[in-house]
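**Student:** Numbering (the working numbering), first residue to last: 1 to 124. Every residue, glycine too, gets a C-beta built ideally from N, C-alpha and C. Predicted model only: the values in this text are computed from it and were never measured. Quick one: the structure is below, questions incoming.
Written as structure tokens, this is what we have:
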């Protein structure tokens with residue numbers, strides 16, 4: 001009977017695992033980067049998430065009146081979209097959409113009032 005502690009008969013077998021062969025040692029940095037990318041994605045995502053980004057930035061040289069006009073037009077568009085969508089809904093969902101449209105309209109009125117006040121002199 002063969003004992004598991006017996007050495008195999010024949011020439012010694014050289015250790016040729018892929019990780020220690022001389023050809024694969026060149027690939028170690030790439031392998032570590034790939035493993036870190038797939039097995040430790042939180043570390044790279046956390047570092048990237050903390051960096052502030054300026055994807056959407058309002059140009060600093062835009063005057064207040066132009067910003068208010070844009071805000072007013074955006075609110076008017078949102079109100080129109082909410083109104084059209086509420087026509088497609090029924091029941092409580094329609095009521096919710098109409099309430100949202102009313103909030104948008106009230107915001108549009110407030111911005112319009114501020115826009116009117118921008119050009120007029122303030123009483124003292």
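In its own chain, which residues sit with a C-beta less than 6 Å from the C-beta of residue 78, not counting the 5 before and 5 after it?
**Tutor:** 104
**Student:** Excluding the 5 residues flanking residue 90 on each side, which residues of the same chain have their C-beta closer than 7 Å to its C-beta?
**Tutor:** For residue 90, where only same-chain residues beyond five positions count, there are no Cβ hits under 7 Å.
**Student:** Can you check whether the CB of residue 114 is closer than 7 Å to the CB of residue 39?
**Tutor:** no
**Student:** Going by alpha carbons, who is nearest to residue 71 out of 93, 107, 36 and 25?
**Tutor:** 107
**Student:** Below 7 Å CB to CB, which residues in the same chain sit around residue 100 once its five sequence neighbours on both sides are set aside?
**Tutor:** 82
**Student:** Near residue 112, which residues of its chain fall below 7 Å by C-beta distance, leaving aside the five closest residues on each side in sequence?
**Tutor:** 72
**Student:** So the candidates are 30, 34, 65 and 32; which of them puts its Cα closest to the Cα of residue 120?
**Tutor:** 65
**Student:** What's the gap between the Cα of residue 118 and the Cα of residue 92?
**Tutor:** 39 Å
**Student:** To the nearest angstrom, how far is it from the Cα of residue 62 to the Cα of residue 56?
**Tutor:** 14 Å
**Student:** Just the Cα atoms here: how many angstroms apart are residue 95 and residue 59?
**Tutor:** 38 Å
**Student:** For a test of the three-state rule: what should DSSP assign to residue 60, helix, strand or coil?
**Tutor:** coil
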